[in-house]
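Undergrad: The numbering used here numbers the first residue of the sequence shown as 274 and each following residue consecutively.
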Amino acid sequence: MEHDAKPAIQTENLTRRFGELTAVDNLNLSVPRGVIFGFLGPNGAGKSTTIHMVIGLLPPTAGTAYVGGFDILKAPLEVKRRIGVVPENLNLYERLTAAEQIELVGRLYGLDRSEIKRRIPPLLEMLELDDAGNKMILDYSQGNAQEDGDGLRAHPRARHPVPR
Ligand SMILES: Nc1ncnc2c1ncn2[C@@H]1O[C@H](COP(=O)(O)OP(=O)(O)OP(=O)(O)O)[C@@H](O)[C@H]1O
Ligand SMILES: [Mg+2]
């Protein structure tokens, strides 16, 4: 099968132990392309541990996973080229503007500069940041607005920048 026909994510007996504790136990899971997949479970169920393995931040104890058909163990760079991650605690560079932040990510993903420049305005618009694309991340939230600002950082689509 071509890579393009493979599931977005597939885990194969994916297992992670921390000493005596088995955090992820022989997980077999398949996420088709083009779906929004909710990965739910009680605290400590092993969700974050699973995601950390799939994105290459934590080696499995046993088993493996595939992203777009690429094995996380054998082709970690191919996997990283195909994923985007919004972590629970997002640390953006505070002195970059939203536009610069997008440019940085585009360059890390190897897009050429002209394509990056072309794609920034529609992205800012989609993220509802078009009026604030030239404002530093630092200025998105202050004081009482901290919590809303954190929401904006983690989920830029969610709302407009919070004024000082
Ligand atoms: N680095 C680590 N060292 C030791 N134990 C760990 C480590 N990371 C996670 N664990 C343990 O593995 C288990 C699964 O944790 P994990 O963070 O994957 O759960 P979770 O489903 O993401 O939970 P939550 O809903 O609270 O985020 C827990 O018992 C946790 O204490
Ligand atoms: Mg978690």
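From the three backbone atoms N, C-alpha and C, an ideal C-beta is built for every residue, glycine too.
1. Return yes when the C-beta of SER303 is under 6 Å from any heavy atom of ligand 1, and no when it is not.
2. Within the stretch 307-346, note down every full alpha helix (DSSP H) run reaching 4 residues or more, in order along the chain.
3. Quick check: is any heavy atom of ligand 1 less than 6 Å from the C-beta of GLY342?
4. Bridge partners of MET409, per DSSP?
5. Roughly how far, in whole angstroms, is the beta-carbon of THR322 from the beta-carbon of ARG289, given that I think they are within contact range, below 8 Å?
6. When every heavy atom of ligand 1 is checked, does at least one fall within less than 6 Å of the C-beta of ASN316?
7. Going by DSSP, what residues sit across from LEU402 in a beta bridge?
8. For VAL352, report the span of its beta strand (DSSP E) as first-last.
9. Could you please give me the residues that DSSP links to ARG289 through a beta bridge?
10. Quick check: does the Cβ of PHE291 come within less than 6 Å of any heavy atom belonging to ligand 1?
11. Consider the C-beta atom of ALA296 and the heavy atoms of ligand 1; say whether any pair is separated by less than 6 Å.
12. Using alpha carbons as the reference points, say which of ASP412, GLU361, ILE282, GLY292 lies closest to ILE309.
13. In its own chain, which residues sit with a C-beta less than 7 Å from the C-beta of ASN301, not counting the 5 before and 5 after it?
TA: By the coordinates alone:
1. On the sequence shown, residue 303 is found 30 positions in, with the first residue counted as 1. It does not: the Cβ of SER303 is nowhere closer than 6 Å to a heavy atom of ligand 1.
2. Unbroken alpha helix (DSSP H) runs of no fewer than 4 residues, entirely contained in the stretch 307-346, are found at 320-327, following chain order.
3. Sequence index remark: in the sequence shown, residue 342 carries index 69 (1-based). No, since every heavy atom of ligand 1 falls outside the 6 Å radius drawn around the Cβ of GLY342.
4. Here residue 409 is taken as the residue at index 136 of the sequence shown, counted from 1. Residue pairing by DSSP puts MET409 in a beta bridge opposite THR370.
5. Taking the sequence shown and counting its residues from 1, the one referred to as residue 322 is at position 49. Taking the sequence shown and counting its residues from 1, the one referred to as residue 289 is at position 16. Contact flag correct, Cβ pair sits at about 5 Å.
6. In the sequence shown, the residue the question calls residue 316 occupies position 43. Indeed, a heavy atom of ligand 1 lies less than 6 Å from the Cβ.
7. Counting from one through the sequence shown, the residue named residue 402 turns up at place 129. Under the DSSP definition of a beta bridge, LEU402 lacks any partner.
8. Within the sequence shown, the letter at position 79 stands for residue 352. Premise fails: VAL352 lies in the alpha helix (DSSP H), 349-354, not in any beta strand (DSSP E).
9. By 1-based counting over the sequence shown, the position of residue 289 is 16. By DSSP's assignment, ARG289 forms a beta bridge with VAL297.
10. Mapped onto the sequence shown, residue 291 falls at position 18. Result yes, Cβ under 6 Å from ligand 1.
11. Position 23 of the sequence shown, counted from the start, is the residue given in the question as residue 296. With a cutoff of 6 Å, ALA296 counts as near ligand 1, since its C-beta is closer than that to a heavy atom of the ligand.
12. Counted from its first residue, the sequence shown places residue 309 at position 36. For ILE309, the nearest C-alpha among the options comes from ILE282.
13. Against the sequence shown, residue 301 aligns to sequence position 28. Taken in chain order, the residues that qualify are THR284, GLU285, ASN286.
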